[in-house]
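K.L.:
In this note's numbering, the protein residues as written are 673 to 921. From the three backbone atoms N, C-alpha and C, an ideal C-beta is built for every residue, glycine too.
1) Tell me, to the nearest whole angstrom, how far the beta carbon of residue 827 is from that of residue 700; I am working on the premise that it is less than 8 Å.
2) Out of 766, 678, 748, which one is the CA nearest neighbour of residue 857?
3) In the structure shown, what three-state DSSP assignment does residue 826 receive?
4) For residue 750, name the three-state secondary structure that DSSP assigns.
5) For residue 690, which option in 852, 864, 878, 874 has the closest C-alpha, if you only look at C-alpha atoms?
6) CA-CA distance, residue 815 and residue 753?
7) Does DSSP put residue 923 in a helix, in a strand, or in coil?
8) Would you kindly report the start and end of the unbroken alpha helix (DSSP H) that includes residue 873?
9) Taking 7 Å as the limit between beta carbons, can you name the residues of its chain near residue 890, skipping five residues before and five after?
10) Taking the alpha-carbon of residue 860 as reference, which of 848, 837, 720 has the nearest alpha-carbon?
11) Would you give the residue range spanned by the alpha helix (DSSP H) that residue 741 belongs to?
12) Inspect the CB distances between the stretch 696–715 and the stretch 871–890 and report whether three or more fall short of 8 Å.
13) Going by the CB atoms, is the gap between residue 813 and residue 756 shorter than 7 Å?
14) I'd like the list of long-range same chain contacts for residue 706, defined as Cβ closer than 7 Å, with 5 residues on each side in sequence excluded.
15) Find out if the Cβ-Cβ distance for the pair residue 862, residue 822 is shorter than 7 Å.
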């Protein structure tokens, strides 16, 4: 990897970190770049997880520094997703998913539409909580989200945002804070599988991780300051661009 390649990866990582933290789909930018620079698809998919893991450490810290967190429930969902991610990562070692990418593009449109049309939460609400009746189905759903996240990761943010929006009376800012924590937990398991299978390119992964982490730190703090409106704008832009990419490229 020469200096020019490193700068490309760093810049793409920053953009991916911002997108992943504020909405989702950053991996649909970083994965093609890694492949374009010469990594086999399976290695690019695995290498991207280093950046995802690092990015979400900084995103969690950024949200925490602004007083936004839902640790106990996020940890529960993260653990169920972790089990699924092990399965998904093992599948990802061999399988390709062009058809599933097209299906995902439709799902992303539906999810973002439901999120945008959802009932707005008053800004004066200070405490939000999850009921037991929604925690149980949430844990089951996140097992399957974990399978997809472990498999390819790209676009999983939209699934998490849509699921949490449908199940709970949380603001999008809190949902984003939960999302980055959940992804952090299950990515640890997926990354372990990829490392065990020898699919990780550490040099590319570390450079990408620096960019992702910088973007995630900025986006996590800026999101809290700007509120739900900023998240919705990023959701619309990201889902349109990424859906077109999944269908046509």
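P.N.:
Reading off the structure:
1) 6 Å
2) For residue 857, the closest of 766, 678, 748 by C-alpha to C-alpha distance is 748.
3) coil
4) Of the three classes helix, strand and coil, the one that applies to residue 750 here is helix, per DSSP.
5) 852
6) 4 Å
7) In the structure as shown, the chain begins at 673 and stops at 921. Residue 923 is therefore absent and cannot be evaluated.
8) Where residue 873 is concerned, there is no enclosing alpha helix (DSSP H), given that its DSSP letter is neither H nor E.
9) 690
10) 720
11) Residue 741: not part of any alpha helix (DSSP H); DSSP gives it neither H nor E.
12) yes
13) no
14) 716, 719, 720, 876
15) Yes, they are a contact pair.
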